[in-house]
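Following: one structure in structure tokens, then a few remarks.
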Amino acid sequence: MKTSKIMVIVLTVLLAITMLAGCSSTPAEKPPADQPVETTFPEKSIDLTILFGAGGAADVIGRKLADGAAEKLGKPIVANVRTGGGGAVGYQYVLGQDPDGYNIVWNSTSICVTYHQGNMPADQDFSAFRGVAKISEEASAIAVKADAPWKNLEEFVAYAKANPGKVTVANSGVGSFNHLTAAAIEDALGVQFKHIPLDSKESVTALLGGRVDAMVNMAFDAIPQVEAGEMRALAIVGTQRIDAMPDVPTMKEQGYDVDLLMWRGIAVPKDTPDEVVLKLQDAFLESANSDEFKEFAKKYSLTVAPTTGAEFDAYMAEQDKMIADLMEKIGLKKQ
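Below is the structure:
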């Protein structure tokens, strides 16, 4: 009996010690919420969707940026051009892939424009994506052939007012940023254009061939032809003049309140894991901030303005509202 009591006491003491140890032991440490989880990403090549035609501003700049990011990541980034619907085809392609970081898009203002134009499903606006990094800003230009009868914007406006609906203007097509820009110019000038949907390279070819009267495209697309004396830029559609064409005034300088800018960045489907987004963000920001990319940017009048993914998300939300309001004002907003 005595032995049994001793055993009970011993077991009770051991149980108490165990419970105390359990209460006082430090739980396994977890990484802070803002500390990235370890990831082996990427383990294979990454597909980058380019939304607009091969050889245009989006394509050339996107590939250059991707080359730098690929060096940082240690895996290839393969650029694929997927055009159509003002960017809708490319956006929907990326949203249809697994949100694992292996399908990314060279995102731009077009996500807002093409959505509000009605080219995207109702649940696929900018918020269907998650920003990886905002990279750059670009101005558009309105240009005519060098031997066109209009020497400046004033003469072009006078002709367009005298010939409503007859002046043909090439741009990237309904739902694209350049179509919105052309429509905003049309509204500000108080004229009516006949819009011709062509990608950037086709627009240049059509203008030089005399098949259209003017084009509204990224300034990048007009610079080589202006320098060669084949085109005349009538106005920069941006906040300031650009270095490559310093003698070309902005729309605002000429009395018209149009100063849209095309922004570009990298985005992924919204459910992409944090650690993957951070890995991509670091690689693309390093590429954008490199001396090599900055020198490249100067050549093409590109303003390098990199931000983090979180900052890019907030910026896209602001831009989406501004663009929706503008599109409603000029009668282009459908959703």
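Taking this note's numbering, the leading residue of the sequence shown gets 1, the next gets one more, and so forth.
A virtual CB, placed ideally from N, CA and C, is assigned to each residue, including glycine.
Item: Return helix, strand or coil for N289, following the three-state DSSP convention.; Value: coil
Item: Could you please give me the residues that DSSP links to N217 through a beta bridge?; Value: A141
Item: Quick one: give me the first and last residue of the alpha helix (DSSP H) that N178 is part of.; Value: 177-189
Item: Leaving out the 5 sequence neighbours to the left and right, which residues in its chain are closer than 8 Å to S290 when beta-carbon positions are compared?; Value: G68
Item: By the three-class DSSP mapping on this structure, what secondary structure does L260 have?; Value: coil
Item: Whole angstroms is fine: what's the gap from Y256's alpha carbon to G53's?; Value: 30 Å
Item: When the Cα atoms are used, what is the spatial distance from E311 to E318?; Value: 11 Å
Item: Considering only C-alpha positions, which residue in the set Y115, M120, E137, V60 is nearest to T307?; Value: E137
Item: Please go through the same chain and pick out, in chain order, the residues whose beta-carbon is closer than 7 Å to the beta-carbon of A222, but skip the five residues on each side of it.; Value: A141, A143, M231, A233
Item: Looking only at its chain, what residues have a beta carbon closer than 7 Å to the beta carbon of A184, apart from the 5 residues adjacent to it on each side?; Value: V258, L260, L326, I330
Item: Exposed or buried, V212, counting other C-beta atoms within 10 Å across all chains shown (16 or more means buried)?; Value: buried
Item: Inspect the beta-carbon positions of I323 and N107 and report whether they are closer than 8 Å.; Value: no
Item: Tell me whether G336 sits in a helix, a strand or coil according to DSSP, three-state version.; Value: The question about residue 336 has no answer, for the chain in this structure spans 1 to 335.
Item: What are the uninterrupted segments assigned as beta strand (DSSP E) that are 3 or more residues long and contained completely in the segment 61-125, given in chain order?; Value: 77-81, 103-108
Item: For the alpha helix (DSSP H) containing F193, list its first residue and its last residue.; Value: No alpha helix (DSSP H) holds F193; the beta strand (DSSP E) holding it covers 193-197.
Item: Hey, which unbroken runs of the alpha helix (DSSP H) at 4 residues or more fall wholly within the segment 262-324?; Value: 274-288, 291-299
Item: Below 6 Å CB to CB, which residues in the same chain sit around S200 once its five sequence neighbours on both sides are set aside?; Value: G53, G56, N217, D221
Item: Do you know how far the Cα of P249 is from the Cα of I135?; Value: 25 Å
Item: Exposed or buried, E186, counting other C-beta atoms within 10 Å across all chains shown (16 or more means buried)?; Value: buried
Item: Taking the beta carbon of T40 as the centre, do at least 16 other beta carbons fall within 10 Å, making it buried, or is it exposed?; Value: exposed
Item: Starting from T39, follow the alpha helix (DSSP H) in both directions and report where the run begins and ends.; Value: From DSSP, T39 is part of no alpha helix (DSSP H); its letter is neither H nor E.
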